[in-house]
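What follows is one structure encoded as structure tokens, with my remarks underneath.
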Amino acid sequence: MYIFKANMRDRTGGSAILALYPPERRGAAMGLMGLVIMVAPVIGPALSGLVIDTLHWRWLFYMVIPVALFSIIYAFIYLKNVTELTKPRVDLLSIVMSTIGFGCVIYGFSRTNVWTEPEGYTSIAIGSLFLLLLVWRQLKIKESLINLSVFWHPTFSLVAVLVVVLMMVRSPPRHCCQSICRM
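Count along the sequence shown from 1, add 17, and you get the number used in our numbering.
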């Protein structure tokens with residue numbers, strides 16, 4: 018799942034940062050983007066808990082409406098396209114490989130006993146194979162589904178690995194928490 022988030026972040030932010038900022042300012046821009054990505058999961062539950070304690074839970078959804086409307090209007094007025102519009106061909110094989118790969122890996126890790134159940138580790142193995150084939154394909158074709166070129170920048174690669182490690186440390190598997198809670 019975290020790899021998928023990194024890929025989505027690459028598609029929505031990483032490539033734009035490389036296009037918009039000169040090399041000497043890219044680190045600061047990536048750091049700011051990383052800060053927002055890491056701080057939001059900390060602030061979100063606290064604010065949501067405050068809203069639920071003081072108001073009804075439906076207010077969480079009501080409060081999103083003005084923010085969403087403001088964001089849409091602001092983006093429509095002020096955001097300009099910084100790249101040239103292209104009409105890329107849709108690579109269906111890459112979409113299928115991505116779906117199977119990420120789906121199998123997520124399903125495998127969602128199993129309670131990942132490494133003792135054949136269903137868990139088999140699913141992870143199949144998903145990993147499809148993801149490796151997907152990466153190989155993305156590096157070989159001209160119009161790739163996932164832009165992997167940002168990983169050639171050492172700073173971005175290091176930050177991506179650190180984010181994955183921090184997310185793994187911050188979110189232990191469910192069965193670890195369940196065994197601790199039973200004590």
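The C-beta atom is built at its ideal place from N, Cα and C for all residues, glycine as well.
Does residue i come within less than 9 Å of chain D when only Cβ atoms are used?
| i | result |
| --- | --- |
| asparagine 164 | Although the question refers to chain D, the structure presented lacks it and comprises just one protein chain. |
Round the Cβ separation of residue i and residue j to the nearest angstrom and send it over; I've been treating them as touching at under 8 Å.
| i | j | result |
| --- | --- | --- |
| valine 131 | tyrosine 124 | Going by Cβ atoms, the distance from valine 131 to tyrosine 124 rounds to 10 Å, so no, they are not a contact pair. |
| isoleucine 112 | phenylalanine 147 | Not really, about 12 Å apart at Cβ, beyond 8 Å. |
| methionine 114 | leucine 165 | With a Cβ gap of about 14 Å, methionine 114 and leucine 165 do not count as contacting. |
| arginine 43 | isoleucine 54 | Contact flag wrong, Cβ pair sits at about 16 Å. |
| valine 167 | phenylalanine 173 | 5 Å |
| glutamate 122 | glycine 144 | Strictly speaking, residue 122 in this sequence is valine, with glutamate absent from that position. That belief holds up - the Cβ atoms of valine 122 and glycine 144 are roughly 4 Å apart, short of 8 Å. |
| valine 84 | tryptophan 76 | That pair is no contact at about 13 Å. |
| isoleucine 201 | phenylalanine 126 | Residue 201 is absent from the structure shown; the chain starts at 18 and stops at 200. |
Shortest alpha-carbon distance to residue i belongs to which of the options?
| i | options | result |
| --- | --- | --- |
| valine 81 | Gly61, Leu52 and Thr71 | Gly61 |
| lysine 104 | Tyr38, Gly44 and Leu162 | Leu162 |
| isoleucine 37 | Ala92, Ala63 and Lys97 | A small correction: the amino acid at residue 37 is leucine; isoleucine does not occupy that position in the sequence shown. Of the listed residues, the one whose Cα sits closest to leucine 37 is Lys97. |
| glutamate 160 | Thr100, Phe87 and Asp108 | Asp108 |
| leucine 49 | Leu183, Val181, Val176 and Arg187 | Val176 |
| leucine 110 | Asp70, Thr133 and Ile158 | Ile158 |
Put residue i into one of helix, strand or coil per three-state DSSP.
| i | result |
| --- | --- |
| arginine 75 | coil |
| isoleucine 54 | helix |
| leucine 151 | helix |
| leucine 17 | Look at the range of the chain in this structure, 18 to 200, and you will see that residue 17 is not part of it. |
| isoleucine 89 | helix |
| glutamate 41 | helix |
| isoleucine 60 | helix |
| lysine 159 | coil |
| valine 182 | helix |
| isoleucine 34 | helix |
Start-end ranges of the alpha helix (DSSP H) lying completely within the region 93-143, minimum 4 residues: Every alpha helix (DSSP H) of 4 residues or more that sits fully in the region 93-143 is shown, in chain order, as 109-127.
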